[in-house]
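Chemist: Numbering (the working numbering), first residue to last: 2 to 147. Even for Gly, the Cβ is constructed at its ideal location relative to N, Cα and C. I'd like to ask you about the structure that follows.
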Amino acid sequence: MKFLVVHGPNLNLLGTRAPEIYGSQTLAEINDLIVKEAAALGVEVEMHHSAHEGEIIEILHSGIPEAAGALLNPGAYSHTSRAIADAVEAVPWPVIEVHLSNIHGREPWRARSVTAAAAAGVIAGFGAGSYIAGLHALKALVEGAR
Ligand code: DQA
C-alpha cells in the first residue's frame with residue numbers, strides 16, 4: 002500500500018521558519034519520522050515537496066494509478082486554492098489534510114481551508130505528530146476501519 006506525502010510552499014524552511022509556531026524540526030527530520038512510522042505500519046510512502054500550485058496538482062495526479070491515499074499539507078494554498086481542492090476531489094483515493102499548526106487558533110483567515118472541504122479529514126496542531134496521526138488515520142480509512 003503506497004501513500005503520497007505532499008508538502009506545500011514554505012515547508013522546506015521548517016526548522017528556521019517561525020519555530021514558535023511550527024517547531025524546530027526540519028522538513029528532512031519530519032520526513033524521516035514519517036518514513037520510520039510508515040515502515041512500522043507496513044506502508045510505503047513517497048515524499049514530495051513543491052512550492053507550486055500546478056505542481057502539487059500534478060503530484061496528486063501522478064499517484065492516481067498506484068497510490069492508495071495521500072497526506073497533503075497545502076501550506077497557504079489551503080486558504081486559497083480551488084484548483085488543489087478540485088484535484089483532491091478528483092483523485093480516486095482519500096486525501097487527509099494535515100497542518101503542523103492549529104489553523105483554527107491563529108489569524109482568522111487561516112481558519113478557513115478551501116482544500117479541506119474536499120479532503121477525507123483534517124489533522125491540525127500537532128506539529129510533526131499531525132503527519133504521524135494522519136498516516137494512522139489514512140491506513141485505517143483505506144483498510145475500511147470506520
Ligand atoms: C500550515 C498552515 C498554513 O496556514 C501556513 O500557510 C503554512 C503551514 C501548517 O502546516 O500549519 O504554510 O499549513
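#1: Can you list, in chain order, every residue whose CB sits closer than 6 Å to a heavy atom of ligand 1?
#2: Can you tell me whether residue 14 is buried or exposed? The criterion is at least 16 other CB atoms within 10 Å of its CB, across all chains shown.
#3: Closest to residue 78 by C-alpha separation, out of 99, 63, 65 and 94, would be which residue?
#4: With DSSP as the reference, please indicate the residues paired to residue 3 in a beta bridge.
#5: Sorted by chain position, which residues of the same chain lie with C-beta nearer than 8 Å to residue 123's C-beta, five sequence neighbours on each side aside?
#6: Do you know offhand how far residue 46's Cα is from residue 36's?
#7: Look at the Cβ atom of residue 2, then the Cβ atom of residue 69, and state whether they are nearer than 8 Å.
Modeler: Judging by the given coordinates:
#1: 11, 74, 76, 77, 79, 100, 101, 102, 104 and 111
#2: As a first step, residue 14 is located in the sequence shown; it is residue number 13 there, counting from the start. By the neighbour-count rule (16 or more Cβ atoms within 10 Å), residue 14 is not buried but exposed.
#3: Taking the sequence shown and counting its residues from 1, the one referred to as residue 78 is at position 77. Residue 78 has its Cα closest to that of 99, out of 99, 63, 65 and 94.
#4: On the sequence shown, residue 3 is found 2 positions in, with the first residue counted as 1. DSSP output for residue 3 lists 45 as bridge partner(s).
#5: Counting from one through the sequence shown, the residue named residue 123 turns up at place 122. 97, 98, 99, 100, 114 and 117, listed in sequence order.
#6: The residue you call residue 46 lines up with position 45 of the sequence shown. The residue you call residue 36 lines up with position 35 of the sequence shown. Cα to Cα, the separation comes out at about 7 Å.
#7: Reading the sequence shown from its first residue, position 1 is the one you call residue 2. Reading the sequence shown from its first residue, position 68 is the one you call residue 69. Cβ atoms of residue 2 and residue 69: closer than 8 Å.
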